[in-house]
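Colleague:
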Amino acid sequence: MKTNLHRRDVVNALLADRDDLMVIAGLGSTAWDITAAGDHDLSFPLWGAMGSAAMIGLGLALAKPRRRVLVITGDGEMLMGLGSLATIGVQKPANLSVIVIDNERYGETGMQETHTASGVDLTLVAKGAGFRQARLVTDRKGVDGLHRMVHGEAGPNFAQVKVVAEKIPLVLPPREGALLKARFRRALIGPAADAL
Amino acid sequence: MKAKTVVDWPLDLHKVLTETGVRQVAYVPDAGHKRLIELCRADKKMRAVVLTTEEEGLGLVMGAWLGGEKSAVLMQSSGVGNVINTLGTIKECRFPLLMLITMRGDEGEFNPWQVPMGQATQTVLEAMGVIVKRIGTAEEAGPVASAAARLAYNSYAAVAVLISQRLIGIKSFQDQASR
Numbered sequence: 136m137k138t139n140l141h142r143r144d145v146v147n148a149l150l151a152d153r154d155d156l157m158v159i160a161g162l163g164s165t166a167w168d169i170t171a172a173g174d175h176d177l178s179f180p181l182w183g184a185m186g187s188a189a190m191i192g193l194g195l196a197l198a199k200p201r202r203r204v205l206v207i208t209g210d211g212e213m214l215m216g217l218g219s220l221a222t223i224g225v226q227k228p229a230n231l232s233v234i235v236i237d238n239e240r241y242g243e244t245g246m247q248e249t250h251t252a253s254g255v256d257l258t259l260v261a262k263g264a265g266f267r268q269a270r271l272v273t274d275r276k277g278v279d280g281l282h283r284m285v286h287g288e289a290g291p292n293f294a295q296v297k298v299v300a301e302k303i304p305l306v307l308p309p310r311e312g313a314l315l316k317a318r319f320r321r322a323l324i325g326p327a328a329d330a331l
Numbered sequence: 454m455k456a457k458t459v460v461d462w463p464l465d466l467h468k469v470l471t472e473t474g475v476r477q478v479a480y481v482p483d484a485g486h487k488r489l490i491e492l493c494r495a496d497k498k499m500r501a502v503v504l505t506t507e508e509e510g511l512g513l514v515m516g517a518w519l520g521g522e523k524s525a526v527l528m529q530s531s532g533v534g535n536v537i538n539t540l541g542t543i544k545e546c547r548f549p550l551l552m553l554i555t556m557r558g559d560e561g562e563f564n565p566w567q568v569p570m571g572q573a574t575q576t577v578l579e580a581m582g583v584i585v586k587r588i589g590t591a592e593e594a595g596p597v598a599s600a601a602a603r604l605a606y607n608s609y610a611a612v613a614v615l616i617s618q619r620l621i622g623i624k625s626f627q628d629q630a631s632r
């Protein structure tokens, strides 16, 4: 699908003035994208569990209903967890947004085409699963609207952002899983995180 | 002769979840867990989250813990086959995990297609570093589950409790369908 959006520009725009937004990023390029935007204690970039990003976002959104949660993931990662869209549709968390950065490629394995390259419509899947809103975004104006959606509009929200398929330098987050978990909990809960 | 007391083991398991402070309960509909699922769904202090596949439950557990909430996953032993890769992330990040698993393909199984996964369940879990405890009788359910929950949350460990098919007592397809 035609687009002139670049993934890092999109993610930078979504995370601008992020305040206390909590961010889960799926395995692969989106984990590097959120790190390129600035590593943050309230970011949980995944190095594994492909297909789980949206469900981690759901568990977090249910645990902290007064805080905003954003899942940023790729089309390949989302395709591996399509059922989780249905599960989110049942729970209907108002504070959760899921945004798929869709380059129609598996970026980490050699840029092979994903199902979205053949026209599989994730926005329609999210609509059918019961998301409150589901948008297809292909231009900068649409990206500006997504910032408002993520930070304030009642969800569950979904967006599929078509981006240019490009190989760009990796910007890696910390690799140690227990560290990523512990820093997130301390930033969110404070010292009580260690006593739970 | 002393009258035989019937132990309400799903109620005992629900009590353990309450005492543990579990707030999110993920489940895939299951005949063996039918009553426990109903108890959790009726409990206003718990959010019962129905899944399309068991690995979603492990994602939910991770997110809940990041947000400061305890959780549990209810599944059948066949579901263990669906969570193996995700267990790797649970282990690497040291997320506490409590799984209550009803056995199939074990004692008195009527469906031969359940047997391979049922027989491999404990081995597969242990290969992924999960601590496995077994409940063989209704009387054991509460104490074993309670110890497992404390192990999971005191040690940041992944713990599975395998509930014997003897407790579930389903003998045929007709029997299962009638429940």
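These protein sequence lines map, in sequence, to chains A and B. Counting in the working numbering, the first sequence runs from 136 upward without gaps. Counting in the working numbering, the second sequence runs from 454 upward without gaps. The beta carbon of each residue, even a glycine, is placed where N, CA and C say it ideally should be.
According to the Cβ coordinates, are D168(A) and R143(A) closer than 7 Å?
Modeller: Residue 168(A) sits at position 33 when you count from the first residue of the first sequence. Residue 143(A) sits at position 8 when you count from the first residue of the first sequence. Their beta carbons are under 7 Å apart, which means D168(A) touches R143(A) by this criterion.
Colleague: Alpha carbons only, please: which of E508(B), R557(B), E579(B) is nearest the one belonging to P569(B)?
Modeller: For the purposes of this step, residue 569(B) is taken as residue 116 along the second sequence, with counting starting at 1. Per the Cα distances, R557(B).
Colleague: Mapping DSSP to helix, strand and coil, what is F179(A)?
Modeller: Indexing the first sequence from 1 puts residue 179(A) at position 44. Three-state result, F179(A): strand.
Colleague: So, G161(A) versus G209(A), is the Cβ gap smaller than 7 Å?
Modeller: As a first step, residue 161(A) must be located in the first sequence, where it is residue number 26. As a first step, residue 209(A) must be located in the first sequence, where it is residue number 74. Going by C-beta atoms, G161(A) is nearer than 7 Å to G209(A).
Colleague: Kindly list, in the order they appear in chain A, the residues whose Cβ is closer than 7 Å to that of C493(B).
Modeller: Reading the second sequence from its first residue, position 40 is the one you call residue 493(B). Going along chain A, no residue has its Cβ under 7 Å from C493(B), so there is no contact; the nearest lies around 14 Å.
Colleague: At which residues does the alpha helix (DSSP H) containing I621(B) begin and terminate?
Modeller: By 1-based counting over the second sequence, the position of residue 621(B) is 168. Taken as a continuous stretch (DSSP letters only), the alpha helix (DSSP H) holding I621(B) covers 618 to 621.
Colleague: Mapping the DSSP letters down to three states, classify I324(A) as helix, strand or coil.
Modeller: Translated into positions along the first sequence, residue 324(A) becomes position 189. Three-state result, I324(A): helix.
Colleague: If I measure Cβ to Cβ from H193(A) and keep anything under 8 Å in the same chain, skipping five residues before and after, which residues do I get?
Modeller: Sequence index remark: in the first sequence, residue 193(A) carries index 58 (1-based). Per the sequence presented here, residue 193(A) reads as Leu, with His not at that position. Cβ neighbours of L193(A) beyond the five flanking positions: S219, T222, I223, Q226, P228, L231.
Colleague: Less than 7 Å between the C-beta atoms of L535(B) and E508(B), yes or no?
Modeller: Residue mapping note: residue 535(B) aligns to position 82 of the second sequence, counting from 1. Residue mapping note: residue 508(B) aligns to position 55 of the second sequence, counting from 1. Sequence check: residue 535(B) is Asn here, not Leu. Against a cut-off of 7 Å, the Cβ pair of E508(B) and N535(B) comes out as a contact.
Colleague: Nearest by alpha-carbon distance to V255(A): which of E243(A), T244(A), E239(A) is it?
Modeller: Sequence index remark: in the first sequence, residue 255(A) carries index 120 (1-based). That would be E239(A), whose Cα lies nearest to the Cα of V255(A).
Colleague: So, with DSSP's three-state summary, where would you put V597(B)?
Modeller: In the second sequence, residue 597(B) corresponds to position 144, counting from 1. It is helical.
Colleague: Does the Cβ of G582(B) have 16 or more other Cβ atoms within 10 Å, making it buried, or fewer, making it exposed?
Modeller: Taking the second sequence and counting its residues from 1, the one referred to as residue 582(B) is at position 129. Label assigned to G582(B): exposed.
Colleague: At the level of alpha carbons, what is the spacing between T471(B) and E545(B)?
Modeller: As a working note, residue 471(B) is residue 18 in the second sequence. As a working note, residue 545(B) is residue 92 in the second sequence. Going from the Cα of T471(B) to the Cα of E545(B) covers about 27 Å.
Colleague: Mind checking whether S617(B) and G571(B) have CB atoms under 7 Å apart?
Modeller: The count along the second sequence starts at 1 and reaches residue 617(B) at position 164. The count along the second sequence starts at 1 and reaches residue 571(B) at position 118. For S617(B) and G571(B), no; Cβs fall outside 7 Å.
Colleague: Do the segment 286 to 296 of chain A and the segment 306 to 318 of chain A meet, that is, are 3 or more Cβ pairs less than 8 Å apart?
Modeller: Taking 8 Å as the limit for Cβ pairs, the verdict is that the segment 306 to 318 of chain A does not touch the segment 286 to 296 of chain A.
Colleague: Rounded to the nearest angstrom, how far is the Cβ of L511(B) from that of V502(B), given a contact under 8 Å?
Modeller: What you label residue 511(B) is simply residue 58 of the second sequence in a count that begins at 1. What you label residue 502(B) is simply residue 49 of the second sequence in a count that begins at 1. At roughly 12 Å, the Cβ-Cβ gap does not stay under 8 Å, so L511(B) and V502(B) are not in contact.
Colleague: Identify which residue in A184(A), V272(A), H175(A) has its Cα closest to the Cα of L259(A).
Modeller: Here residue 259(A) refers to the residue found at position 124 of the first sequence. Comparing Cα positions, the closest option is V272(A).
Colleague: Specify the secondary structure class of Y609(B) as computed by DSSP and reduced to three states.
Modeller: Working through the second sequence from its first residue, we reach residue 609(B) at position 156. Y609(B) falls in the coil class under three-state DSSP.
Colleague: Compute the beta-carbon to beta-carbon distance between P308(A) and D176(A), rounded to the nearest angstrom, for a pair I have assumed lies under 8 Å.
Modeller: For the purposes of this step, residue 308(A) is identified with residue 173 of the first sequence, where counting begins at 1. For the purposes of this step, residue 176(A) is identified with residue 41 of the first sequence, where counting begins at 1. In fact, because the Cβ distance is near 11 Å, the residues do not count as touching under 8 Å.
Colleague: Is DSSP giving V204(A) helix, strand or coil here?
Modeller: Along the first sequence, read from residue 1 onward, the residue named residue 204(A) stands at position 69. Strand.
Colleague: Where does M215(A) sit, in a helix, a strand or coil, going by DSSP?
Modeller: Reading the first sequence from its first residue, position 80 is the one you call residue 215(A). Helix at M215(A).
Colleague: So, helix, strand or coil for L150(A), using DSSP?
Modeller: Looking up residue 150(A) in the first sequence gives position 15. The answer is helix: DSSP assigns L150(A) an H, G or I state.
Colleague: Use the C-beta contact count for N139(A): other C-beta atoms within 10 angstroms, 16 or more gives buried, fewer gives exposed.
Modeller: Working through the first sequence from its first residue, we reach residue 139(A) at position 4. N139(A) should be labelled exposed.
Colleague: Check the Cβ-Cβ distances between M86(A) and every residue of chain B, and say whether any is below 7 Å.
Modeller: No information on residue 86(A) is available, as it lies outside the stretch 136 to 331 that chain A covers here.
Colleague: I'd like to know whether the C-beta of L193(A) is nearer than 7 Å to at least one C-beta of chain B.
Modeller: The count along the first sequence starts at 1 and reaches residue 193(A) at position 58. True, the Cβ-Cβ gap to chain B drops below 7 Å.
Colleague: Under 8 Å Cβ to Cβ from H282(A), same chain only, skipping five residues before and after it: list those, please.
Modeller: Counted from its first residue, the first sequence places residue 282(A) at position 147. The answer, listed in chain order, is A148, L149, A151.
Colleague: Return yes when at least one heavy atom of the ligand FMN lies under 6 Å from the C-beta of G254(A), else no.
Modeller: Among the components modelled here there is no ligand, and therefore nothing to report on the ligand FMN.
Colleague: Within a Cβ cutoff of 6 Å, which residues of the same chain sit near K199(A), ignoring the five residues on either side of it in sequence?
Modeller: Position 64 of the first sequence holds residue 199(A). Around K199(A): no qualifying Cβ.
Colleague: Determine, using beta carbons only, whether E642(B) comes closer than 7 Å to chain A.
Modeller: It is not possible to answer for residue 642(B), since the shown part of chain B is limited to 454 through 632.
Colleague: State buried or exposed for G516(B), treating a residue as buried only when at least 16 other CB atoms are found within 10 Å of its CB.
Modeller: Counting from 1 along the second sequence, the entry for residue 516(B) is found at position 63. By the 10 Å Cβ count, G516(B) comes out buried.
Colleague: Alpha helix (DSSP H) containing M190(A): first to last residue?
Modeller: For the purposes of this step, residue 190(A) is taken as residue 55 along the first sequence, with counting starting at 1. Unbroken alpha helix (DSSP H) run through M190(A): 188 to 198.
Colleague: If you reduce the DSSP assignment to three classes, tell me which class V502(B) lands in.
Modeller: Sequence index remark: in the second sequence, residue 502(B) carries index 49 (1-based). Strand.
Colleague: For a cutoff of 7 Å on Cβ pairs, would you count A517(B) as touching chain A?
Modeller: Counting from one through the second sequence, the residue named residue 517(B) turns up at place 64. Yes, A517(B) counts as interfacial toward chain A.
Colleague: Under 7 Å, Cβ to Cβ, is there at least one residue of chain A near L470(B)?
Modeller: What you label residue 470(B) is simply residue 17 of the second sequence in a count that begins at 1. So no, L470(B) is outside the interface.
Colleague: By how many angstroms is the C-alpha of R320(A) removed from the C-alpha of V146(A)?
Modeller: Locating residue 146(A) in the first sequence gives position 11, counting from the first residue. Locating residue 320(A) in the first sequence gives position 185, counting from the first residue. Near 23 Å, if we compare the C-alpha coordinates of R320(A) and V146(A).
Colleague: How close, in whole Å, do the beta carbons of L504(B) and V481(B) come, if the pair is a contact with beta carbons under 8 Å?
Modeller: Within the second sequence, residue 504(B) is the residue found at index 51, counting from 1. Within the second sequence, residue 481(B) is the residue found at index 28, counting from 1. The Cβ separation is near 5 Å, so the contact holds.
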